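Using the numbering used here, read the sequence shown as starting at 780 and increasing by one per residue.
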Amino acid sequence: MIRFSLNNLNSFIIRNTTKYIVWDFDGTLYENKKLGHDLFQEFYLVAKKKNKTLSTNSFKKISEKFGSWSAAAAHLTSTLEIKVLDIVDSKINKSKYLKKNLSLVKQIEASQDRYHHLILTNSTTSEVLSCLKKIGFNTKEKNTGPFEKIFARDNTKLLKPNSKIFEQILDFTNAAKFRHLFVGDSISHDILPAKKYGFKAIPIWELSTLFSK
């Protein structure tokens with residue numbers, strides 16, 4: 780796995796030029812190994828319906844090539860990736876796997892005076908909202924909690940890493956590209972595409988380094 784390391788200067792620049800933090804959702808605002816295992820199995824079963832001899836190891840290798848389980852299943856079945864995601868999502872309720880993460884909630888809510896928070900995800904809006912509630916975000920007074928907008932596949936009609944999604948974000952924020960910081964867990968689907976478009980971007984494991992000072 781590629782690792783990015785932030786030095787003090789980079790951290791200072793990012794902290795003081797960022798206005799909008801754009802969060803990936805799955806694997807970034809939560810992580811659950813059992814959920815990951817079950818999702819893999821569902822994507823594998825979708826792929827295997829048209830590839831009866833497909834092994835789990837072969838599916839893992841193809842997923843590495845295409846960057847995700849959903850992209851691999853879409854390729855193997857000649858199906859749109861969005862449709863593959865819809866099929867799997869109908870079988871798994873992600874929120875049932877999650878627990879409260881009040882330290883994360885506190886960290887994001889405490890930074891609202893300094894940053895605007897958005898979510899960019901390949902999940903659906905309803906999935907995100909149910910999971911945010913389970914994690915511990917207050918979505919009662921404001922439907923999306925501290926997040927001003929959720930860019931999900933049901934409203935963008937696109938999937939990461941399509942650069943047109945970043946254009947939709949800019950249309951919403953009306954801010955310069957360098958004022959946006961993308962935080963994600965995937966180098967190929969989150970970090971590199973955001974950087975290529977002109978956003979700043981860091982992997983989730985660098986977040987504590989960035990905001991600890």
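C-beta atoms are modelled at their ideal positions from N, C-alpha and C, and glycine is treated no differently.
Nothing here was measured: the structure is a model prediction, and the numbers come from that model.
Practice task
Using alpha carbons as the reference points, say which of Val-907, Ser-942 and Phe-926 lies closest to Ile-970.
Solution key: Ser-942
Handout entry: Straight-line Cα distance separating Ile-793 from Ser-784
Key = With a pLDDT of 49 at Ser-784, under the threshold of 50, the predicted position of this residue should be treated as unreliable, though the coordinate-derived value follows. Cα to Cα, the separation comes out at about 13 angstroms.
Exercise for the section: Classify Trp-802 as buried or exposed, calling it buried when 16 or more other Cβ atoms lie within 10 Å of its own Cβ. Expected result: buried
Problem - heavy atom of the ligand PLP below 7 angstroms from Ile-792 C-beta - result: Summarising the ligand content, the structure contains no ligands, and the ligand PLP is consequently not present.
Practice task
For Tyr-894, name the three-state secondary structure that DSSP assigns.
Solution key: coil
Exercise for the section: Have a look at Arg-893, Gln-820, Ile-898 and Lys-829 and flag the residue whose alpha-carbon is nearest the alpha-carbon of Ile-871. Expected result: Gln-820
Practice task
Check whether the Cβ atoms of Ala-931 and Ser-902 sit closer than 8 angstroms, and answer yes or no.
Solution key: yes
Handout entry: Segment contact flag, the region 958–967 with the region 981–988, C-beta cutoff 8 angstroms, min 3 pairs
Key = yes
Problem - Cβ pair Ile-898, Ile-929 closer than 8 angstroms - result: yes
Practice task
Tell me the start and end of each unbroken beta strand (DSSP E) in the region 859–921 that is at least 3 residues and wholly inside, in chain order.
Solution key: 895–899
Problem - Nearest to Ser-865 (by Cα), restricted to the options Asn-795, Ser-849 and Ser-882 - result: A small fix is needed here, since residue 865 is Asp in this sequence, not Ser. Out of Asn-795, Ser-849 and Ser-882, Ser-849 has the C-alpha closest to the C-alpha of Asp-865.
Handout entry: Of the listed residues Val-867, Val-825, Thr-835 and Ser-869, nearest to His-854 (C-alpha basis)
Key = Val-825
Handout entry: Euclidean distance between Cα positions of Phe-945 and Leu-938
Key = 11 angstroms
Handout entry: Inside the region 790–847 only - alpha helix (DSSP H) runs reaching at least 4 residues
Key = 812–827 and 835–845
Exercise for the section: Leaving out five residues on either side along the sequence, give the residues of the same chain with a beta carbon under 8 angstroms from the beta carbon of Tyr-976. Expected result: Ser-942, Phe-945 and Lys-956
Practice task
Going by CA-CA distance only, name the one from Asn-922, Pro-972, Lys-798 and Ala-851 that's closest to Ser-842.
Solution key: Ala-851
Handout entry: Cβ neighbours of Asp-868 in the same chain (closer than 8 angstroms, five flanking residues each side left out)
Key = Ser-902, Thr-903 and Glu-906
Problem - Inside the region 938–972 only - beta strand (DSSP E) runs reaching at least 3 residues - result: 959–963
Problem - Straight-line gap, Ser-837 to Asn-795 (C-alpha atoms, nearest Å) - result: 45 angstroms
Practice task
Following the continuous beta strand (DSSP E) through Lys-979, name the residue where it begins and the one where it ends.
Solution key: 979–982
Practice task
Could you have a look at Lys-936 and say whether DSSP puts it in helix, strand or coil?
Solution key: coil
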